[in-house]
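A.B. asks: All the letters of the sequence shown, read from the start, carry residue numbers 2 to 391 under my numbering.
Dumping the structure here so I can ask a few things about it.
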Amino acid sequence: MEDGTWLSTLDGEAAARQAAGLRRELRPRAADDDVVDLAGNDYLGLSRHPDVLAAAARALADYGLGATGSRLVRGSTEAHHALEDGLAGLLGAQAALVYSSGYLANVGAIRALVRPGTLVVSDAHNHASIVDGCRLACAGRAAREGAGTVVAPHADPGAVRALLAAHPGRPAVVVTESVFSVDGDLAPLAELYAACQAHPGGALLLVDDAHALGVIGHRGAGGVAAAGLSGRPGVIVTATLSKSLGAAGGVVAGPRQLRRQLVDTGRTFIYDTALPPAVAAGALAALDLLTGGDHLRAELAARAATAVARLRAEGLDVPTPDGGVISVAAPSADEAFAWAAACRERGVAVGCFRPPSTPDGRSRLRLTVNVGVPAAAFEHALDIVVKERP
2 MEDGTWLSTL
12 DGEAAARQAA
22 GLRRELRPRA
32 ADDDVVDLAG
42 NDYLGLSRHP
52 DVLAAAARAL
62 ADYGLGATGS
72 RLVRGSTEAH
82 HALEDGLAGL
92 LGAQAALVYS
102 SGYLANVGAI
112 RALVRPGTLV
122 VSDAHNHASI
132 VDGCRLACAG
142 RAAREGAGTV
152 VAPHADPGAV
162 RALLAAHPGR
172 PAVVVTESVF
182 SVDGDLAPLA
192 ELYAACQAHP
202 GGALLLVDDA
212 HALGVIGHRG
222 AGGVAAAGLS
232 GRPGVIVTAT
242 LSKSLGAAGG
252 VVAGPRQLRR
262 QLVDTGRTFI
272 YDTALPPAVA
282 AGALAALDLL
292 TGGDHLRAEL
302 AARAATAVAR
312 LRAEGLDVPT
322 PDGGVISVAA
332 PSADEAFAWA
342 AACRERGVAV
352 GCFRPPSTPD
362 GRSRLRLTVN
372 VGVPAAAFEH
382 ALDIVVKERP
């Protein structure tokens, strides 16, 4: 194919996205910008905490900028192993394995759990990393051997139970987020676990705790802990380190045998350059602050309640959040984009979620609570969101 042909095709697709209000843009930000951040995921404000930065700086001086290789070559450091031990302890798991991103952790975990004939039951609102993990795990040879994915209605344990019952004796994995990334609602984890346990032979429950870790549960242990499922048989937890920990990377936590399987066979672990040691060390320092951060979680919950009350008082459609994610409905994709842009012009960064990124086809702004933002600036940002509404 000549360059002009395929480039013209890309131009045509870009024009169609532009017409549908689905164009995305990259905007570099300066380190010293004064924008009020209601778009990032630094829930507890730990990304700039002095203890976190100091730990990262020490590791940077000791190890250099990058890990220089995969974990199995030269990329494993004392910081990586200490971080894994700390995460396993907080999540109530026998063992944990750290990845360079939460995306790779989800893809790797799902792939490791799929066997010939496995039925994967995935919530309709699951994150793209879970969707892609299911697709990759149930493709090719796995599909020929009977593995497949079914999508369950959102947060519906009865539907999950019925899907499992329709496949008696078949190995199964139920996959869900705990706090969902779009609307911020909490999955009925205890009921989902009961459905898994009722399945003949038992079904595994894989929970992505990305938006719950550090935000809910005793000592910030997340949604699985809040549901009383930490360390229960057949429960596997994944999470990202880029939200409440203010760092980067991902983790899979579960039985020791699963960790062994991932180290031996997991392509997203084996063939990926390790998380930089400075980031692992910073995340470890943040983990210590997170577990002792009940006052931060209380402040986050108070701000989320304030935001919902303020926005609803203006007639905006805002569901009750179970964590730090606040979803504000927008009339259309174009209006959501214009709303977010207007807020940005007024010095407030908000998330803008539009199809096809939204599982229900609705557009909205997504506000994320960051307790590192001064209270007065947070209140001002809410005023801007209201004033700039379509």
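Cβ atoms here follow ideal geometry from the backbone N, Cα and C, with glycine treated the same way.
Between which two residues does the alpha helix (DSSP H) carrying V386 extend?
C.D. replies: Counting along the chain, the alpha helix (DSSP H) containing V386 begins and ends at A376 to K388.
A.B. asks: Which residues does DSSP pair with G251 in a beta bridge?
C.D. replies: Y100 and T241
A.B. asks: Tell me whether the beta-carbon of L276 lies closer than 7 Å to the beta-carbon of G250.
C.D. replies: yes
A.B. asks: With distance defined between alpha-carbon atoms, name the residue in T239, Y194 and L91 nearest to L105.
C.D. replies: T239
A.B. asks: R355 to I385, Cα distance in whole Å?
C.D. replies: 21 Å
A.B. asks: Is the distance from the Cβ of D33 to the Cβ of N371 below 7 Å?
C.D. replies: no
A.B. asks: Find the nearest neighbour of A310 within the set D86, R136, I217 and S328, judged by alpha-carbon distance.
C.D. replies: S328
A.B. asks: Just to check my reading of the structure: V264 and L98 have Cβ atoms closer than 8 Å, yes? What is that Cβ distance to the nearest angstrom?
C.D. replies: V264 to L98, Cβ: 7 Å. Contact.
A.B. asks: Out of T119, L92 and A213, which has the shortest C-alpha to C-alpha gap to E178?
C.D. replies: A213
A.B. asks: Considering only their Cβ atoms, is the gap separating A191 from A227 smaller than 7 Å?
C.D. replies: no
A.B. asks: Give me, in chain order, the residues of the same chain whose beta-carbon lies closer than 8 Å to that of A341; leave out the 5 immediate sequence neighbours on both sides.
C.D. replies: V351, G352, C353 and L366
A.B. asks: Pick out whichever of P360, T369 and E336 has its Cα sitting closest to the Cα of P391.
C.D. replies: The residue among P360, T369 and E336 with its C-alpha nearest the C-alpha of P391 is E336.
A.B. asks: Just to confirm my understanding: we take D63, look at its own chain, exclude 5 residues before and 5 after, and list those with CB closer than 8 Å. What are they?
C.D. replies: P278
A.B. asks: Assign G229 to one of three DSSP states: helix, strand, or coil.
C.D. replies: coil
A.B. asks: Distance, Cα to Cα, R171 vs V53?
C.D. replies: When rounded, the distance between both Cα atoms is 46 Å.
A.B. asks: Using only CA atoms, which one of L301, L205, A160 and G255 lies nearest to G221?
C.D. replies: L301
A.B. asks: Is S130 helix, strand or coil when you go by DSSP?
C.D. replies: In this structure, DSSP gives S130 a helical state, which the three-state scheme calls helix.
A.B. asks: Can you tell me where the beta strand (DSSP E) with L366 in it begins and where it stops?
C.D. replies: It spans R365 to T369 - the beta strand (DSSP E) in which L366 sits, taken as one unbroken run.
A.B. asks: Touch check for the region 306 to 320 and the region 127 to 140: three-plus C-beta pairs under 8 Å?
C.D. replies: A contact between stretches requires three or more CB pairs, one per stretch, nearer than 8 Å, and the region 306 to 320 fails this requirement with the region 127 to 140.
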